[in-house]
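See structure below.
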Amino acid sequence: MKMKGLSSYSVSNKRKDFQHQTSSSSLGNKKKIVHDHSVDDRPEKTEETQIQSKCGDVISYMVQTIDRNGLTKSSQDVMNEQLEAAHFSMETGLYIVWRTRNKGACGAYSQHSFRDCSRIAPSSICFCGHPLKDHFKKNNGIISGCSSCKGCKMFEYIPTRPAETGEFWLEHRTDFNPQKYEVKCKCKHSFRYHKCPSKRCTVPSCKCQSFTSSFLCVVCNEHWEEHDTIAETREERIQQKLPVDDDYILFSESPSLQRVVFR
Numbered sequence: 001m002k003m004k005g006l007s008s009y010s011v012s013n014k015r016k017d018f019q020h021q022t023s024s025s026s027l028g029n030k031k032k033i034v035h036d037h038s039v040d041d042r043p044e045k046t047e048e049t050q051i052q053s054k055c056g057d058v059i060s061y062m063v064q065t066i067d068r069n070g071l072t073k074s075s076q077d078v079m080n081e082q083l084e085a086a087h088f089s090m091e092t093g094l095y096i097v098w099r100t101r102n103k104g105a106c107g108a109y110s111q112h113s114f115r116d117c118s119r120i121a122p123s124s125i126c127f128c129g130h131p132l133k134d135h136f137k138k139n140n141g142i143i144s145g146c147s148s149c150k151g152c153k154m155f156e157y158i159p160t161r162p163a164e165t166g167e168f169w170l171e172h173r174t175d176f177n178p179q180k181y182e183v184k185c186k187c188k189h190s191f192r193y194h195k196c197p198s199k200r201c202t203v204p205s206c207k208c209q210s211f212t213s214s215f216l217c218v219v220c221n222e223h224w225e226e227h228d229t230i231a232e233t234r235e236e237r238i239q240q241k242l243p244v245d246d247d248y249i250l251f252s253e254s255p256s257l258q259r260v261v262f263r
């Protein structure tokens with residue numbers, strides 16, 4: 001609503017009236033100095049500090065909201081898996097991540113994991129439908145083909161929850177069954193109908209030759225096929241200036257956020 005009498009008010013003209021004015025006092029002829037309010041001696045906000053300020057506001061809002069309402073089951077499952085993955089990496093010295101090929105895609109989300117969209121835990125699922133633990137050889141620390149199927153030659157992470165694909169609304173449907181949720185190809189068939197390693201659709205009437213995701217990663221907004229599953233040692237991550245140990249845990253830069261998501 002527009003306030004009467006303020007439309008013609010000039011802030012710049014008003015400030016000029018206060019520029020280093022001096023007036024003589026009737027007592028002792030002392031000079032009274034009125035400060036120049038047009039000069040702002042506060043440090044200039046750079047683009048970086050403005051971004052940090054906005055991120056701080058967003059995190060504060062997230063903490064309050066999550067603390068009050070909690071997370072959806074899908075989101076909480078994702079958080080628990082991320083924590084499991086961090087502990088697994090600290091125990092084995094092997095850091096397995098799902099990483100976008102677009103290096104700038106995640107820059108605004110974290111000062112550390114600027115390319116890592118997800119940390120991979122022993123329970124994380126491969127495109128072949130089996131968990132990482134079926135691909136991981138503890139005796140030599142090598143990620144291999146799946147021991148539960150013949151076609152899989154290497155572990156390729158696949159999201160398995162709506163919270164990972166930005167489809168949060170699904171959990172609010174009364175008929176939604178999280179156990180039956182599966183990400184799909186643009187051919188409209190689940191990833192489970194696509195054969196490893198060719199990723200060709202096995203539905204008889206479908207001519208799809210390769211899995212092309214119909215969803216986007218919630219972290220980087222890129223398609224599944226624009227990601228790689230990467231295994232790195234602790235030393236390799238240090239050389240790349242990527243987080244290790246406790247700093248590898250999700251939201252390590254925000255203890256208040258960690259407190260409400262890992263409870």
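So for the sequence shown, the UniProt record's numbering puts the first residue at 1; every next one is plus one. Don't be surprised by glycine CBs; every beta carbon is placed ideally from N, CA and C.
For the beta strand (DSSP E) containing L257, list its first residue and its last residue. Taken as a continuous stretch (DSSP letters only), L257 belongs to no beta strand (DSSP E), being part of the alpha helix (DSSP H) at 255-261.
What residues in its chain sit with their C-beta under 6 angstroms from that of S252, if we drop five residues either side in the sequence? Leaving aside the five residues that flank S252 on each side, none in its chain has a CB nearer than 6 angstroms to its CB.
Whole-Å CB distance - P122 paired with C152, under 8 angstroms assumed: With 8 angstroms as the limit, P122 and C152 do not qualify as a contact, their Cβ atoms being about 16 angstroms apart.
Are R99 and D245 close, meaning C-beta to C-beta below 7 angstroms? It is not a contact, given that the beta carbons lie outside the stated cut-off.
Work out the CA separation of S256 and L27 for me, nearest whole Å. Its pLDDT being 43, under 50, L27 is placed unreliably in this model, and the coordinates cannot settle the point.
Look up S60 in the DSSP assignment and say whether it is helix, strand or coil. Secondary structure at S60: helix, using DSSP grouped into helix, strand and coil.
Give the single residue among S190, A85, T233 whose Cα lies nearest to the Cα of F215. Checked all of S190, A85, T233; the closest Cα to F215 is S190.
On the CB-based measure, 16 or more other CB atoms within 10 Å of its CB, does C149 come out buried or exposed? Result: exposed.
For I158, is the classification buried or exposed, using 16 other Cβ atoms within 10 angstroms of its Cβ as the cut-off for buried? Buried: at least 16 other Cβ atoms inside 10 Å.
Using three-state DSSP, classify F251 as helix, strand or coil. Residue state, collapsed to three classes: coil.
D116 by DSSP, collapsed to three states: which one? Strand, per DSSP.
Give me the residue from L170, C220, T160 with the minimum Cα distance to R101. Among L170, C220, T160, the Cα nearest to that of R101 belongs to C220.
Using a threshold of 7 angstroms, state whether the C-beta atoms of G166 and V218 are closer than that. Pairing G166 with V218 gives a Cβ-Cβ distance under 7 angstroms.
What's the C-alpha gap between residue 347 and Q209? With the chain running from 1 to 263 in the structure shown, residue 347 is simply not present.
Straight-line Cα distance separating F262 from K73: Distance between the alpha carbons of K73 and F262: 13 angstroms.
Please state whether the Cβ-Cβ distance between G145 and R192 is less than 7 angstroms. For G145 and R192, no; Cβs fall outside 7 angstroms.
Can you give me the Cβ contacts of C201 inside the same chain, cut-off strictly under 7 angstroms, excluding the 5 residues immediately before and after it? Same-chain partners within the cutoff: C185, C187, H189, Y193, H194, C208.
Under DSSP, the alpha helix (DSSP H) around R234 begins and ends at which residues? Run containing R234: 234-239, per the alpha helix (DSSP H) assignment.
Look at the alpha carbon of E232 and the alpha carbon of R259, and state the distance between them as a whole number of angstroms. So the alpha carbons of these two residues sit roughly 28 angstroms apart.
Between the alpha carbons of E222 and I120, how many angstroms are there, rounded? Taken atom to atom, the span from the alpha-carbon of E222 to that of I120 is near 18 angstroms.
Could you spell out where the alpha helix (DSSP H) holding V78 opens and where it closes? Element bounds for V78: 73-92.
Three-state class that DSSP yields for Y181 in the structure shown: The answer is coil: DSSP assigns Y181 none of H, G, I, E or B.
I think T92 touches I125, with their Cβ atoms under 8 angstroms apart; what is that distance to the nearest whole Å? Incorrect: roughly 19 angstroms between the Cβ atoms, too far for contact.
Using only the alpha-carbon positions, how far apart do M154 and H135 sit? Those two C-alpha atoms are separated by around 8 angstroms.
On the CB-based measure, 16 or more other CB atoms within 10 Å of its CB, does D247 come out buried or exposed? The residue is exposed, with fewer than 16 neighbouring Cβ atoms inside 10 Å.
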